[in-house]
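Residue numbers (the working numbering): 10 to 295. Ideal placement from N, C-alpha and C gives every residue a C-beta, glycine not left out. See structure below.
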Amino acid sequence: FTMLTHGGSIVLQHHFEPGEALRLIETERCTVFYGTPAFSRPMWEHPERQKRDLSSLRTGATIGTPDQVQTAVDLGVREICNVYGLTEAYGNSCVIDCREPLERRLVSSGPPLHGVEVRIVDPESEQVMPAGEMGEVRVRGHLMKGYLKDPKRTAEAFDGDGYLRTGDLGVVDEEGFLIYRGRFKEMVKTGGINVAPAEIEAVYASHPEIDQVYITGIPDDRLDETLAAVVVAKEDVPTSEALIAFGREALAGYKVPRRYRFIASDDLPLTTTGKLQRNRLADFFT
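This is the structure in structure tokens:
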């Protein structure tokens, strides 16, 4: 609807192909990019990128880790907006202003949109968490009425105050800006402590020799689960010992992965739409 209200045009592909997408951006002089890292990264890595004029790109919206958002900026979408949302909540619930400093846009999805309320709740105690504390993201405002012909699932989706249980992990800072931390089902419980993979991935993504990194949990007799990292290196492959030392500089000891597997990007388990299949990451360690 945005293109209708602003008199714009939408440039589409029947099936995403990064080389063709780059060509379309150049020939159609596209100004807005709206897509996930599953689109921006393949375009950034495509050999056609350096041959194409992408200078028309200006703004847009994306999701992901700071490293993934930075990829969209590197493509030329300098005024990128980091967003948070889900289908059940009318698409986007939080959007950060493109005029905010890039350092903030890389990590935060911004404040709730008009008419939307967001709060962080401990899903076990149902206690509302204070600013800076992690818990489940709950959303109220522009929401679905329910799941079609599924009253049981609909009832489970909402809490007693009418907030949608998103199943997402997040933090709301002192200014009311949401910081997404991943999915609850992706949490790794090590030594009795719940750890969010997204937090660790954001730290390791800043390592100069790492291109992509994904954290998973693998069974451990003593700790229940132990943290492990699947790493796609850039050129020089770092040692596991070096990565452990790197992690200890920025993370609590229990959040530092103990095992590492280095693979090629083509070996990542992806869906047909380019989405990572996290439930298959542990297979690299069996």
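query = Taking the Cβ atom as the reference point for each residue, do residue 132 and residue 112 lie within a distance shorter than 8 Å?
reply = no
key: Residues of its chain near residue 98, where Cβ-Cβ distance is below 7 Å and the 5 sequence neighbours each way are ignored   = 148, 151, 152, 173
message = Restricting to runs no shorter than 4 residues, where is the alpha helix (DSSP H) found entirely within the segment 190–222?
response = 206–213
task = Just the C-alpha distance for residue 3 and residue 69, rounded to the nearest angstrom, thanks.
result = No answer is possible for residue 3: it lies beyond the span of the chain, which begins at 10 and ends at 295.
query = Using DSSP with H/G/I as helix, E/B as strand and the rest coil, what is residue 295?
reply = coil
query = Taking buried to mean at least 16 other C-beta atoms within 10 Å of its own C-beta, is residue 141 buried or exposed?
reply = exposed
Nearest candidate by alpha-carbon position, reference residue 220, set 167, 267, 275 = 275
key: Pairwise C-alpha distance: residue 117 and residue 292   = 32 Å
query = In angstroms, rounded to a whole number, what distance separates the CA positions of residue 10 and residue 44?
reply = 16 Å
request  = Identify every run of the alpha helix (DSSP H) within the segment 97–136, keeping only runs that are complete inside it and at least 4 residues long; order them along the chain.
outcome  = 111–114
task = Taking only the alpha-carbon atoms, compute the straight-line gap between residue 228 and residue 269 and give it to the nearest angstrom.
result = 15 Å
ask   = In terms of residue numbering, what span does the alpha helix (DSSP H) encompassing residue 235 cover?
value = Here residue 235 belongs to no alpha helix (DSSP H); instead the beta strand (DSSP E) covers 233–242.
ask   = In three-state terms, what does DSSP make of residue 32?
value = helix
inquiry  = Less than 8 Å between C-beta atoms, sequence neighbours within five positions excluded: which residues of the same chain meet that for residue 90?
reply    = 68, 69, 70, 71, 104, 105, 106, 107, 114, 119
ask   = What three-state label does DSSP hand residue 20 in the structure shown?
value = coil
key: Counted within 10 angstroms of its Cβ, other Cβ atoms place residue 101 as buried (16 or more) or exposed   = buried
query = Taking DSSP as the reference, what is the three-state secondary structure of residue 37?
reply = helix
ask   = Are residue 226 and residue 199 touching if we call contact CB-CB under 8 Å?
value = yes
ask   = In whole angstroms, what separates the C-alpha of residue 19 from that of residue 189?
value = 28 Å
query = Three-state secondary structure (DSSP) at residue 48?
reply = helix
key: As assigned by DSSP and simplified to three states, the class of residue 78   = helix
message = Alpha carbons only, please: which of 257, 245, 74 is nearest the one belonging to residue 272?
response = 245
query = Can you tell me whether residue 259 is buried or exposed, with buried defined as 16 or more other CB within 10 angstroms of its CB?
reply = exposed
task = Could you tell me the distance, in whole angstroms, from the CA atom of residue 49 to the CA atom of residue 12?
result = 21 Å
Residues that DSSP places opposite residue 255 in a beta bridge = Its beta-bridge partners do not exist; DSSP assigns none.
query = Got a sec, what are the start and stop residues for the beta strand (DSSP E) residue 88 sits in?
reply = 88–95
message = Do residue 40 and residue 66 have their beta-carbon atoms positioned less than 8 Å apart in this structure?
response = yes
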